[in-house]
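What follows is a short report on a single structure.
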Amino acid sequence: MSKISNILLIYTGGTIGMVKDYETNALRAFDFSNLRDRIPELNHLDCKINTISFEEPIDSSNMNPKYWVKITEIIEENYNDADGFVILTGSDTMAYTSSAISFMLENLSKPVIFTGSQLPIGDLRTDAKENLITAIQIASARKNGKPRINEVCLYFEYKLYRANRTTKVNSEHFEAFASPNFPHIAESGVHLKFEEHLLITHKSRKKLTIRKNINDNIVILKLFPGMSLISIESILNIDKLQGVILETYGSGNATTSKKFIALLKNAINKGIQIINVTQCNSGSVILGQYETSTELKNIGLISGKDITTEAAVAKLMYLLGQNIPKMNFKKIFETSLRGEITE
Ligand code: ASP
22 MSKISNILLI YTGGTIGMVK DYETNALRAF DFSNLRDRIP ELNHLDCKIN TISFEEPIDS
82 SNMNPKYWVK ITEIIEENYN DADGFVILTG SDTMAYTSSA ISFMLENLSK PVIFTGSQLP
142 IGDLRTDAKE NLITAIQIAS ARKNGKPRIN EVCLYFEYKL YRANRTTKVN SEHFEAFASP
202 NFPHIAESGV HLKFEEHLLI THKSRKKLTI RKNINDNIVI LKLFPGMSLI SIESILNIDK
262 LQGVILETYG SGNATTSKKF IALLKNAINK GIQIINVTQC NSGSVILGQY ETSTELKNIG
322 LISGKDITTE AAVAKLMYLL GQNIPKMNFK KIFETSLRGE ITE
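Heads up, the sequence shown stops at 364 in this note's numbering, and the numbers go up one at a time, no gaps.
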């Protein structure tokens with residue numbers, strides 16, 4: 022007889038567990054213990070569910086690396102007892118949070134599934150029930166006694182995505198997320214259909230290592246035609262700055278202005294890591310494809326390839342926290358660590 026899975030449900034906050042404040046009409050987080058009362062179906066799932074809630078649930082706009090560490094610590098403390106984890110957060114910053122957790126959990130060999138909802142659980146037309154119930158089923162899915170999923174994923178509106186490939190694309194539709202450069206890895210229809218060939222599998226049996234050191238001395242610098250060099254210069258001179266996600270045009274292009282290139286070169290010489298990420302919704306940076314990216318390549322910009330901005334932020338904060346020798350940083354960033362870029 023196969024063993025019943027033990028799932029740990031971690032509630033951090035977000036619409037899924039919110040109620041309307043009738044005085045102000047605004048949504049606010051409510052006591053998580055009510056969640057089970059609101060979804061009695063949870064008691065009928067073929068798995069054991071334990072729940073842990075943040076003492077003070079947060080809207081995901083207040084998410085930050087301290088909470089990322091808190092999530093990884095809960096996973097660490099329960100890693101031996103739980104067969105899988107479902108993490109409920111607000112959808113607004115879920116792509117960032119789940120990307121960060123994917124880097125912070127090294128050698129993960131159990132499912133960690135993020136989900137949330139667009140409508141609160143009490144709403145008649147809520148998407149919360151389906152998202153939550155299916156996320157739990159995915160976290161408990163096993164094949165030959167082993168978990169089907171060994172990575173950090175995001176489940177929303179019938180699709181399971183690799184978390185560090187996702188981006189929130191819609192603030193109203195139930196289909197709120199997309200994974201522009203990597204296909205979904207499972208789909209929920211009449212059956213749960215896993216795309217086996219896309220799943221991360223672990224050949225070695227290395228022990229889970231939790232990396233809690235996160236360095237937040239970074240900025241996102243999004244270029245636009247007409248952006249003043251003064252703004253760029255002052256951003257690059259921010260005290261303690263160690264990393265920049267430079268959002269460029271198309272396949273990694275930017276102005277060829279000598280002054281602009283000199284500002285970037287100066288920053289790189291000071292030891293600031295600059296990652297070239299495209300502003301396009303999909304596709305990849307290809308440094309040197311156009312003349313407008315040749316100089317960026319020559320001065321040592323790091324190619325984000327087809328990484329999302331969310332995963333680039335998480336990866337940069339994570340890698341800057343790992344004391345990697347400066348000379349190896351570029352190579353490591355350009356390597357896929359958790360399936361976040363196509364190599
Ligand atoms: N503002 C909410 C949050 O991100 C939206 C949601 O839960 O989807 O926390």
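All C-beta atoms in this analysis are idealised placements derived from N, C-alpha and C, irrespective of residue type, glycine included. As the structure is a computational prediction, the values presented were derived from the model and not from experiment.
For I170, no alpha helix (DSSP H) segment is defined, and its DSSP state is neither H nor E.
Every beta strand (DSSP E) of 3 residues or more that sits fully in the stretch 85-146 is shown, in chain order, as 105-109, 133-136.
Beyond the five residues adjoining it in sequence on each side, A332 comes within less than 6 Å, by CB distance, of S120, N185, E361 in the same chain, given in chain order. By the 16-neighbour rule on beta-carbons within 10 angstroms, M115 is buried. About 14 Å separates the Cβ atoms of I295 and V334, ruling out a contact at the 8 Å cut-off. Apart from the 5 residues on each side of it in sequence, E355 sits with its Cβ closer than 8 Å to the Cβ of I323, S324, K326, I362 in its chain, given in chain order.
With 16 or more other Cβ atoms inside 10 Å of its own Cβ, M39 counts as buried. In its chain, beyond the 5 residues on either side, A121, I235, D237, M338 have a beta carbon closer than 8 Å to the beta carbon of P86. Under the DSSP assignment, I239 falls in the beta strand (DSSP E) whose first and last residues are 239-243.
Counting along the chain, K227 sits inside no beta strand (DSSP E), nor does DSSP assign it H or E at all.
L175 sits away from T230, with the two beta carbons spaced by 9 Å or more. Look at the beta carbons and you see the stretch 65-73 not touching the stretch 206-214: under three pairs across the two are nearer than 8 Å. DSSP places M248 in the coil class of the three-state scheme, outside both helix and strand. Per DSSP, F203 lies in no beta strand (DSSP E) and is assigned neither H nor E.
Taking a cut-off of 8 Å on C-beta distances, the stretch 87-99 does not touch the stretch 137-149, as fewer than three cross pairs fall below it. For I37, the shortest separation between its Cβ and any heavy atom of ligand 1 lies below 8 Å.
Judged by beta-carbon spacing, F198 lies within the 9 Å limit of Y182, meaning their Cβ atoms are closer than that value. Residue pairing from DSSP places V40 in a beta bridge opposite R49. With distances taken between CA atoms, L220 lies nearest to K164 out of K164, I293, I289, K24. By the 16-neighbour rule on beta-carbons within 10 angstroms, L250 is exposed. Contact holds between the stretch 100-113 and the stretch 27-46, because three or more Cβ pairs, one in each stretch, are under 8 Å apart. Counting along the chain, the unbroken alpha helix (DSSP H) around V334 starts and ends at 330-341. Not one heavy atom of ligand 1 is found less than 8 Å from the C-beta of T147.
Within the DSSP secondary-structure output, N274 pairs in a beta bridge with Y270.
Closest by C-alpha distance to I159, out of A288, I108, I282, is I108.
Setting aside the 5 residues that flank it on each side, A288 is surrounded in the same chain by L257, each with a C-beta closer than 6 Å to its C-beta; the list follows chain order. In this structure, G137 has its beta carbon less than 8 Å from a heavy atom of ligand 1.
Within its own chain, the residues whose Cβ lies closer than 6 Å to the Cβ of V190, once the five positions on either side in sequence are excluded, are A199, listed in chain order. Distance from the C-beta of M338 to the nearest heavy atom of ligand 1 is not below 8 Å.
In this structure, I320 sits near I282, with a CB-CB distance shorter than 9 Å. Inclusion of G35 and S81 in the CB contact set at 9 Å is warranted, their separation being smaller than that value. Scanning its chain for C-beta atoms nearer than 6 Å, with the 5 sequence neighbours on each side dropped, one finds around R169 the residues A162, F215, in chain order. The beta-carbon separation of T299 and S272, rounded to 7 Å, stays under the 8 Å limit for a contact. Looking at the backbone, the Cα of T188 and that of G166 are separated by about 32 Å. The C-beta of E217 has fewer than 16 other C-beta atoms within 10 Å across all chains shown, which makes the residue exposed.
Taking non-hydrogen atoms of ligand 1 into account, the C-beta of S81 is found less than 8 Å away from one of them.
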